[in-house]
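Encoded as structure tokens, the structure appears first; notes follow it.
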Amino acid sequence: MDKQVLDMMGKMMEQMDKLDTKMNGMQDQMNGMQGQINRLDENMSKGFAEVDAKFKDVDARFDAVDVRFNAVDARFDAVDARFNAVDVRFDAVDAKLHGVGEHFEEVSKNIIAVRDTVSKDSKYLKYKVSQIEQDVFHINPSQ
Numbered sequence: 001m002d003k004q005v006l007d008m009m010g011k012m013m014e015q016m017d018k019l020d021t022k023m024n025g026m027q028d029q030m031n032g033m034q035g036q037i038n039r040l041d042e043n044m045s046k047g048f049a050e051v052d053a054k055f056k057d058v059d060a061r062f063d064a065v066d067v068r069f070n071a072v073d074a075r076f077d078a079v080d081a082r083f084n085a086v087d088v089r090f091d092a093v094d095a096k097l098h099g100v101g102e103h104f105e106e107v108s109k110n111i112i113a114v115r116d117t118v119s120k121d122s123k124y125l126k127y128k129v130s131q132i133e134q135d136v137f138h139i140n141p142s143q
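Reminder that position 19 of the sequence shown reads as 19 in UniProt numbering, one-by-one numbering, no gaps.
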């Protein structure tokens, strides 16, 4: 019986050794995994740092573009103000031209009226000259 107990104890010791070996193997695997996880964590941290740096670069570029767009917008505002000033001047010129146009229209009407009057007066004078000539020739037919 002692021999059986010793055999059992030997088998248990063997199984315990196998189990210990497996446990050590698992511990080594766990340590390997932990190392891989640490490397992945470091790589991810580096990747995040690179992404952050790239985003900062992109943000800086966007800020520069925003500054340029603001400058362009300010220039367009200045051009718009100039166009508005030109529009005001054009409106003033248009109003003056409208007044001149009305004046020319009035002058044209007056010229037409004067021509009509001169034409009528000329016809009247021709008529009167004709009458005077007839009267003169009737009074003095021998001449």
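Positions of the beta carbon are idealized from the N, C-alpha and C atoms, including for glycine.
Keep in mind it's a predicted model, so treat the numbers as computed, not measured.
In this structure, the straight-line span from the alpha carbon of E42 to that of Q29 is close to 20 Å. Here the alpha carbons of A49 and R61 stand approximately 18 Å from one another. Separation of V5 and M23 (C-alpha to C-alpha, rounded to the nearest whole angstrom) is 26 Å. The straight-line gap separating the alpha-carbon atoms of V118 and E106 is approximately 18 Å.
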